[in-house]
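From first to last, the protein sequence lines stand for chains A and B.
Residue 501 in the numbering used here sits at position 20 of the first sequence; the count goes up by one each step and never skips.
Residue 218 in the numbering used here sits at position 210 of the second sequence; the count goes up by one each step and never skips.
Notes follow the structure.
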Amino acid sequence: MSMGKRFALAVAVALVASAASAADGPGLGKPINETDLVLWDLSIGPDGKGLPHGSGTPAQGAVIYAQKCEVCHGKDGEGGRNAALANAPGKSARTMALYVPNATTIFDFTRRAMPWPQPKSLTNDEVYALTAYILARNKVIGEDEVMNAETLPKVLMPNRNGFVSRYPEKH
Amino acid sequence: MNRSIPIAKALDDAMIALYQNGERINPAQGYPMRLLVPGYEGNMNVKWLHRIKLIEEPVMAINETMQYTYRVAGPKIWQFFFPMEVKSFITHPSPGLTLKGPGFYEISGLAYSGNGRIGKVMVSADGGRSWAQAALDAPLLSKALTRFRMPWRWDGQPVLLQSRAWDEAGNVQPTRAEMFAERGEPKVNVPVTAFPMGHMNVVTTWAVDNKGEAKHVYG
Chain A
482 MSMGKRFALA VAVALVASAA SAADGPGLGK PINETDLVLW DLSIGPDGKG LPHGSGTPAQ
542 GAVIYAQKCE VCHGKDGEGG RNAALANAPG KSARTMALYV PNATTIFDFT RRAMPWPQPK
602 SLTNDEVYAL TAYILARNKV IGEDEVMNAE TLPKVLMPNR NGFVSRYPEK H
Chain B
9 MNRSIPIAKA LDDAMIALYQ NGERINPAQG YPMRLLVPGY EGNMNVKWLH RIKLIEEPVM
69 AINETMQYTY RVAGPKIWQF FFPMEVKSFI THPSPGLTLK GPGFYEISGL AYSGNGRIGK
129 VMVSADGGRS WAQAALDAPL LSKALTRFRM PWRWDGQPVL LQSRAWDEAG NVQPTRAEMF
189 AERGEPKVNV PVTAFPMGHM NVVTTWAVDN KGEAKHVYG
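See below:
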């Protein structure tokens with residue numbers, strides 16, 4: 482049998498096999514189109530790739546915070562029922578200033594998960610504003626700085642260089 | 009909930025779990041599908057999995073920065089502490105399981121290593137001064153809870169029971185002293201939920217008194 486024929490046969494067999502396994506499989510899900518995928522493709526890494534259009538300031542964030550966040554996170558982010566978002570002397574050693582190496586993490590998490598009872602209900606402008614507010618409360622940015630897709634990845638978190646991978650050989 | 013997983017692990021023994029024990033995984037366990045990264049931190053086994061994206065660098069998600077990181081002696085914070093390391097503890101006797109008087113007993117417990125199979129478990133009945141090797145239940149499986157057993161004659165006197173495990177990769181369960189030498193002393197009165205000493209796989213000590221009651225002590 483020539484090489485060409487063997488290759489074709491292998492492909493045909495593979496196609497048959499995959500059709501069979503699809504029939505035997507759990508039958509989960511269906512293909513998603515590019516437009517819908519954008520709603521799910523929410524992860525933002527330190528380089529800020531994928532950050533959406535929008536912007537916000539700490540002052541704008543303060544208004545939203547009072548309405549939607551203060552009930553759990555306390556006045557000025559000092560903490561309450563849930564995690565402190567700003568320095569809370571004597572309350573929590575696990576502060577954002579110490580434990581978040583990139584500001585994009587704050588945007589990523591707030592957008593996908595907050596507020597707790599209505600995740601993903603915030604607009605992109607609101608997420609930028611709240612991120613700006615949290616950064617300002619942590620004295621990382623000034624009260625009048627605007628956070629958007631361009632400025633957010635450039636924010637320098639105070640402990641950016643304080644992390645070390647426990648087992649770098651496992652990466 | 010999102011976490012960055014090394015490609016090396018994805019290509020090693022990671023899997024997408026659909027079934028467990030012959031049936032679909034439970035809603036509480038992540039139905040319809042869950043990422044399973046054997047031996048790695050529980051939170052990395054993402055439940056209700058809906059997306060896997062190939063990336064070049066970790067995204068620095070909240071659950072690998074604000075949480076599941078560990079401050080050690082000095083200013084550094086450990087990140088990406090993937091494996092649950094070798095650990096063992098005695099389940100019988102233990103606080104709540106009281107011995108009914110001097111006689112023959114089986115000291116029994118569990119050992120685990122996220123790095124592979126258990127190599128050996130040693131048991132001490134004198135607070136770590138002398139040790140004997142325990143029997144391990146078969147089959148010996150990688151990254152699985154492993155039962156160990158040690159026949160024991162108790163004379164009714166107060167004793168300090170300890171177990172210490174090694175895994176096949178050569179890692180050994182550390183003593184409290186060894187761990188604190190590496191990571192620094194914990195603050196006192198830390199609430200249990202604060203996780204300041206995550207990956208705390210130190211040797212555990214049960215003090216059994218002459219009434220047969222076991223208590224957790226720092227040996």
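All residues carry an ideal CB built from backbone N, CA and C; glycine is no exception.
For W86(B), the secondary structure class from DSSP, reduced to helix, strand or coil, is strand. The C-beta distance from M130(B) to A142(B) rounds to 7 Å, short enough to fall under 8 Å. A Cβ-Cβ contact shorter than 9 Å links Y78(B) with I85(B). CA-CA distance, P110(B) to S138(B), rounds to 20 Å. Secondary structure of E114(B) (DSSP, three-state): strand.
Residues of the segment 10-32 of chain B that bring their beta carbon within less than 9 Å of a beta carbon in chain A comprise N10, S12, P14, I15, A16, K17, L26, Y27, R32, in sequence order. Pairing L532(A) with T585(A) gives a Cβ-Cβ distance under 9 Å. Using a CB distance cut-off of 9 Å, R155(B) does not count as an interface residue toward chain A. When beta bridges are read from the DSSP output, P639(A) appears opposite no residue. Residue contact with chain A for P91(B): present (Cβ-Cβ distance below 9 Å to some residue of chain A). Shown here is that no member of the segment 135-151 of chain B has a Cβ falling below 8 Å from a Cβ of chain A. At a Cβ-Cβ threshold of 9 Å, K151(B) and N123(B) count as neighbours.
Restricting attention to P91(B), T99(B), G164(B), the CA atom closest to the CA of A177(B) is found in P91(B). In this structure, DSSP gives R618(A) a helical state, which the three-state scheme calls helix. M41(B) is classed as buried because its beta carbon has at least 16 other beta carbons within 10 Å across all chains shown. Contact annotation, A25(B) with I33(B): C-beta distance approximately 6 Å; criterion of less than 8 Å satisfied. Cβ neighbours of A222(B) within its own chain (closer than 6 Å, five residues either side excluded): P101, S102, P103, W214, V216.
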